[in-house]
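Encoded as structure tokens, the structure appears first; notes follow it.
Numbering (the numbering used here), first residue to last: 96 to 232.
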């Protein structure tokens, strides 16, 4: 069964939010990746330090992901996205095809530099979905 994770999006305050929520929920920060770690990163040093992806876990279960917006047009309304972790590659391909048929592809389905098959799609209702299949799981 795939599972959903709330993905909180910030505009440069991601690190502060990560630290704050780790304290609030007495959670462990299990992953921190910065934009400067991306292949072919060409942004400035300040942007490079922003969070590309981070995770909080409690009792070994990840329950919140946090990022800084990597795009223009950040608005308060797009602070939360839904990330679905799929169990099979066929399942992620199917979801991507159905969502992208009537939605807007934000990031093509691809093998991301961190090793997962990944895509981003805004569906026809305006819901922003992050689709992820980790071959290691």
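Note that CB positions come from ideal geometry on N, CA and C, so glycine has one too.
Same chain, Cβ closer than 6 Å to residue i, neighbours up to 5 away in sequence not counted
| i | result |
| --- | --- |
| residue 218 | 194, 198 |
| residue 99 | 177, 179 |
Burial state of residue i, where buried means 16 or more other Cβ atoms lie within 10 Å
| i | result |
| --- | --- |
| residue 248 | No information on residue 248 is available, as it lies outside the stretch 96 to 232 that the chain covers here. |
| residue 227 | buried |
| residue 183 | exposed |
Delimiting residues of the alpha helix (DSSP H) encompassing residue i
| i | result |
| --- | --- |
| residue 193 | 184-197 |
| residue 140 | 140-143 |
Bridge partners - residue i, DSSP secondary structure assignment
| i | result |
| --- | --- |
| residue 165 | According to DSSP, residue 165 bridges with nothing at all. |
| residue 121 | In DSSP, residue 121 forms no bridge with anything. |
| residue 105 | 163 |
Own chain, CB closer than 7 Å to residue i, minus 5 neighbours either side, in chain order
| i | result |
| --- | --- |
| residue 110 | 146 |
| residue 124 | 113, 117, 149, 151 |
Span of the beta strand (DSSP E), counted from its first residue to its last, around residue i
| i | result |
| --- | --- |
| residue 97 | Counting along the chain, residue 97 falls outside any beta strand (DSSP E), and DSSP gives it neither H nor E. |
| residue 216 | 212-217 |
| residue 209 | First-last for residue 209: undefined, no H or E at that position. |
| residue 175 | 175-181 |
| residue 228 | 223-228 |
| residue 153 | 146-153 |
Same chain, Cβ closer than 8 Å to residue i, five either side skipped, listed in chain order
| i | result |
| --- | --- |
| residue 108 | 163 |
| residue 97 | 179, 180, 181, 182, 186 |
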